[in-house]
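Numbering (UniProt numbering), first residue to last: 1 to 259.
Don't be surprised by glycine CBs; every beta carbon is placed ideally from N, CA and C.
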């Protein structure tokens with residue numbers, strides 16, 4: 001029963017970034033905390049959120065190629081729509097909000113001041129869905145290790161894909177996410193003269209930026225074990241395998257949908 005659990009019982013300290021900060025600061029904070037998105041503040045007030053997806057869209061845009069990543073501000077990537085809950089509300093109010101596309105809920109007190117936030121991880125630390133792993137396993141997206149990063153980024157933006165399983169010689173070689181793309185784009189923009197960027201960026205391959213080796217779970221593992229692994233390792237997804245062959249992927253989002 002969740003009727004005695006309040007939002008304040010599951011919320012965490014808010015992780016924020018200034019609207020005027022460069023997107024590189026936001027990305028660094030995302031990597032340090034494992035959180036995505038971050039709450040954006042302007043003069044102490046919440047004005048929206050910034051996500052890795054928005055940063056990838058901005059850094060990869062052709063019109064951004066002549067601008068150093070440190071010169072692109074959070075204000076250029078902000079999502080002004082965000083989800084609000086109050087600390088004294090019951091947890092039942094929060095669950096459908098996080099199940100309906102919101103990755104983060106901003107928590108206010110009675111004076112409409114930010115006092116916390118609730119992410120997928122905060123909720124999963126308190127509540128775990130029932131059932132077997134197949135009930136929370138989503139279809140997985142695949143990309144070849146030798147594919148160009150620019151094609152991966154286009155696929156992510158167009159199809160709203162957060163991650164892909166990387167294959168090489170018909171075997172899982174790694175996992176590549178929006179985070180990997182954002183880091184690679186940032187390093188590239190900082191290192192390569194803008195006159196050469198359009199040509200040289202096509203030389204970056206998926207295998208150059210993917211995370212490997214990748215952690216995975218067999219299909220018979222229990223959901224509590226999967227949640228425990230995700231939270232302890234601070235990861236957002238795990239490929240699901242059947243005798244070593246990838247059959248799907250379980251994510252924090254798919255787990256939240258099953259609550």
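- By the C-beta criterion, the stretch 178 to 186 is judged to be in contact with the stretch 204 to 215, since at least 3 inter-stretch pairs fall below 8 Å.
- Residue 26 is classed as buried because its beta carbon has at least 16 other beta carbons within 10 Å across all chains shown.
- With fewer than 16 neighbouring CB atoms inside 10 Å of its own CB, residue 191 falls in the exposed class.
- Excluding five sequence positions before and after residue 241, the CB atoms of its chain that fall closer than 6 Å to its own CB belong to 216 and 218, given in chain order.
- Take residue 9, set aside five residues on each side of it, and the residues of its chain with a beta-carbon closer than 8 Å to its own are 91 and 126, in chain order.
- Separation of the CB atoms of residue 21 and residue 74 is rounded to 5 Å, and the pair is thereby assigned contact status at 8 Å.
- Residue environment: residue 71 is assigned as exposed (fewer than 16 neighbouring CB atoms within 10 Å of its CB, all protein chains considered).
- Per DSSP, the beta-bridge partners of residue 108 are 86 and 114.
- DSSP places residue 177 inside the beta strand (DSSP E), whose first and last residues are 171 to 177.
- Following the DSSP letters along the chain, one finds residue 151 inside the alpha helix (DSSP H) bounded by residues 149 to 159.
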